[in-house]
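A short write-up of the structure that comes next.
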Amino acid sequence: FLLRCSGCSHRAASIQDGPQSCSSYTRLGHPGSRDAGKDRAVIPPLSLWHPTHSRPCVLPAVLRQRESKWLDMLNNWDKWMAKKHKKVSIRLRCQKGIPPSLRGRAWQYLSGSKVKLEQNELDVLPGEPKWLDVIERDLHRQFPFHEMFVSRGGHGQQDLFRVLKAYTLYRPEEGYCQAQAPIAAVLLMHMPAEQAFWCLVQICEKYLPGYYSEKLVSEGPTAPSTEQGGVCGHSHAWSSA
Numbered sequence: 001f002l003l004r005c006s007g008c009s010h011r012a013a014s015i016q017d018g019p020q021s022c023s024s025y026t027r028l029g030h031p032g033s034r035d036a037g038k039d040r041a042v043i044p045p046l047s048l049w050h051p052t053h054s055r056p057c058v059l060p061a062v063l064r065q066r067e068s069k070w071l072d073m074l075n076n077w078d079k080w081m082a083k084k085h086k087k088v089s090i091r092l093r094c095q096k097g098i099p100p101s102l103r104g105r106a107w108q109y110l111s112g113s114k115v116k117l118e119q120n121e122l123d124v125l126p127g128e129p130k131w132l133d134v135i136e137r138d139l140h141r142q143f144p145f146h147e148m149f150v151s152r153g154g155h156g157q158q159d160l161f162r163v164l165k166a167y168t169l170y171r172p173e174e175g176y177c178q179a180q181a182p183i184a185a186v187l188l189m190h191m192p193a194e195q196a197f198w199c200l201v202q203i204c205e206k207y208l209p210g211y212y213s214e215k216l217v218s219e220g221p222t223a224p225s226t227e228q229g230g231v232c233g234h235s236h237a238w239s240s241a
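Residue 179 in UniProt numbering sits at position 179 of the sequence shown, and the numbers go up by one each step.
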């Protein structure tokens, strides 16, 4: 309660201060020259974001109503996707927020991984040793204080290893990129390993094609290596440096 009250007082003070409180930032949230002659939306940097007043709490009755709507939509997904006006409704409901209890299932439908979900033969294959070693070193870095990944060799780290190893077998020409690990970890927080794998496939192929490829890594020699907590886990990422 005290946190909410302090958040309200903080917002009230920000409103009273007006644009002067963020006048040293440009509309993109970066330091820049002041432009007092123009009215423009100011987006503060992420460092000023505070979780206690970032978004109002959803009332339980509203949350239950949203869950009911999402359940009806997911149970009749093909019918919803067949009509254009219902696709617009899906987008609006996503903007309002997916209920936490249904996020894992909703992400599968929204990403298209539900269609690709099938018996995963990649899980039983041994994998390429050079990728397995890099993946193994990255496991403890992913959300180390989350209950799923806090224990070395625990079920969370085992599932994360399975998902990332399976992707190197599914796309051997791409291998493993370290930036895939936190995405796979978040997916595992909401769904089983097999479903998380196909969601990761859809993200890498449909929404971010080429983003985790070796070519992108080789063109960015200033990125740190895996041991330094860098973006991608290619062992030869510094070949062009």
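Yeah, the Cβ is synthetic: ideal placement off N, Cα and C, and Gly gets one too.
By the criterion of a C-beta distance shorter than 7 Å, residue 185 is surrounded in its chain by 142, 143, 149 and 160, once the five residues flanking it on both sides are discounted. Excluding the 5 residues flanking it on each side, residue 125 has same chain C-beta neighbours closer than 7 Å at 169, in chain order. In this structure the region 132-140 does not touch the region 93-104; the number of beta carbon pairs closer than 8 Å is below three. In the three-state DSSP reduction, residue 76 falls in the coil class, being neither helix nor strand. In terms of Cβ geometry, residue 102 and residue 59 do not form a close pair [threshold 9 Å].
For the pair residue 156 and residue 146, the CB atoms are nearer than the 9 Å cut-off. Spanning the alpha carbons of residue 163 and residue 176 requires a straight line of approximately 11 Å. A straight-line Cα-Cα distance of about 18 Å links residue 104 and residue 65.
Taking the Cα positions, residue 132 is about 11 Å away from residue 167. If you draw a 10 Å sphere on the C-beta of residue 201, you find 16 or more other C-beta atoms in it, and that means buried. Looking at the backbone, the Cα of residue 86 and that of residue 182 are separated by about 32 Å. Scanning 194, 128, 203 and 69 for the CA closest to the CA of residue 92 turns up 69.
Check the Cα spacing between residue 178 and each of 151, 134 and 128: the tightest is with 134.
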